[in-house]
Amino acid sequence: MEIVVAKEPPKGFDLSITVPSKYPEELLIGDLNQIINPVTGSHPDKKRVQIWLENARESNTEQLKKLNFSPYRDLLQMRCQLPTPLEGLETRPFHRGIDETSFLEVNSRAFHWHPEQGTLNIEKLTDIFEEDWFEEEGFRLYEIDGKLAGFCWTKIHSESTGNIGEIFAIAVDPKFHGKGLGKPLTVSGLQHIASKGITTGMLYVESDNLPAIHVYNQIGFRIHTINRAFHNQPSK
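With our numbering as the guide, the letters of the sequence shown map in order to residues 9 to 244.
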């Protein structure tokens with residue numbers, strides 16, 4: 009169980025840290041200081057730092073306030089039981105060397121507001137392709153008249169983390185909004201996950217994305233844990 013430092017902090021931050029669930033509270037402040045102080049140096053008020061707490065507890069919030077960090081973003085982990093009886097869409101798998109450009113264009117339009125997913129480019133995408141978990145079959149695309157209308161990218165977690173399949177990323181191209189594609193596209197991803205013998209579906213969603221949460225509740229998702237992000241407020 010180790011604190012993870014992002015190789016490339018999201019836009020606007022000089023340092024981004026992730027603290028895993030159930031990290032010992034008695035070690036948290038000291039260990040964070042050891043990571044933060046070398047970066048902020050003698051000018052801590054000039055550096056922007058982000059700290060993610062997985063499965064955040066209220067006691068952690070109080071601890072971080074002592075370091076002058078305040079919460080600003082909640083990411084909900086939601087889970088559902090599989091298989092689902094709902095009807096999905098007819099999707100096809102992603103093909104490397106063919107679909108990168110159209111996917112990145114749709115992803116950029118759909119996630120222009122998102123600090124992580126919205127910065128995805130061909131270099132970062134290629135790095136993901138090299139991850140052990142990546143498989144083209146689990147990267148589902150939905151097309152209308154030959155044009156990519158949306159995608160549902162799934163990820164099967166290792167046995168050590170349980171029998172879980174994740175909706176890693178899902179989006180409908182804004183050009184196709186209003187057609188009611190979000191719910192059946194999500195179901196299509198869950199159906200693929202269930203076809204692998206997985207009995208629990210999981211995804212992450214911003215706590216203020218109320219339309220998406222409403223759709224996920226309709227499908228059968230419920231909140232499992234909350235990951236909370238904190239940031240400092242450096243002087244300008």
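Cβ atoms here follow ideal geometry from the backbone N, Cα and C, with glycine treated the same way.
Predicted model, so just to flag it, every value in this text is computed and none were measured.
With which residues is H239 paired in a DSSP beta bridge? Q58, S78
Could you tell me how far apart the beta carbons of K204 and I178 are, in whole angstroms, since I believe they sit closer than 8 Å? Actually they are not in contact, since the Cβ atoms of K204 and I178 sit about 17 Å apart, beyond 8 Å.
What residue range is occupied by the uninterrupted alpha helix (DSSP H) comprising K132? 130-137
Simplified DSSP assignment, three categories, for A220: helix
Could you have a look at H232 and say whether DSSP puts it in helix, strand or coil? strand
Are the beta-carbon atoms of P79 and F229 separated by less than 8 Å? no
Under 6 Å Cβ to Cβ from I172, same chain only, skipping five residues before and after it: list those, please. H165, T208, M210
Quick one: what does DSSP say F21 is sitting in, helix, strand or coil? coil
Strictly by DSSP, which residues pair up with K163? According to DSSP, K163 bridges with E174.
Expressed to the nearest angstrom, what Euclidean distance is found between the alpha-carbon atoms of H120 and K191? 21 Å
Cβ-based neighbour list, D22, same chain, cut-off 6 Å, excluding 5 preceding and 5 following: In the same chain as D22, and ignoring 5 residues on each side of it, the C-beta atoms closer than 6 Å to its own belong to K55, R56, in chain order.
Let me check one thing: in DSSP terms, what residues is L1 bridge-paired to? Not covered by the structure: residue 1. The range shown for the chain is 9 to 244.
Start-to-end residues for the beta strand (DSSP E) that takes in R148: 147-152
For N76 and L189, what's the separation of their Cα atoms in angstroms? 43 Å
Just reading off the alpha helix (DSSP H) that H120 is part of, what are its end residues? H120 -> no alpha helix (DSSP H), and no H or E assigned at all.
Evaluate the contact criterion for the region 106-123 versus the region 145-163: three or more CB pairs, one atom per stretch, below 8 Å. Yes, since at least three Cβ pairs between the region 106-123 and the region 145-163 fall closer than 8 Å, the two stretches touch.
Starting from K331, trace the alpha helix (DSSP H) in both directions and tell me its first and last residue. Residue 331 cannot be examined here, being either before or after the span of the chain that is shown, 9 to 244.
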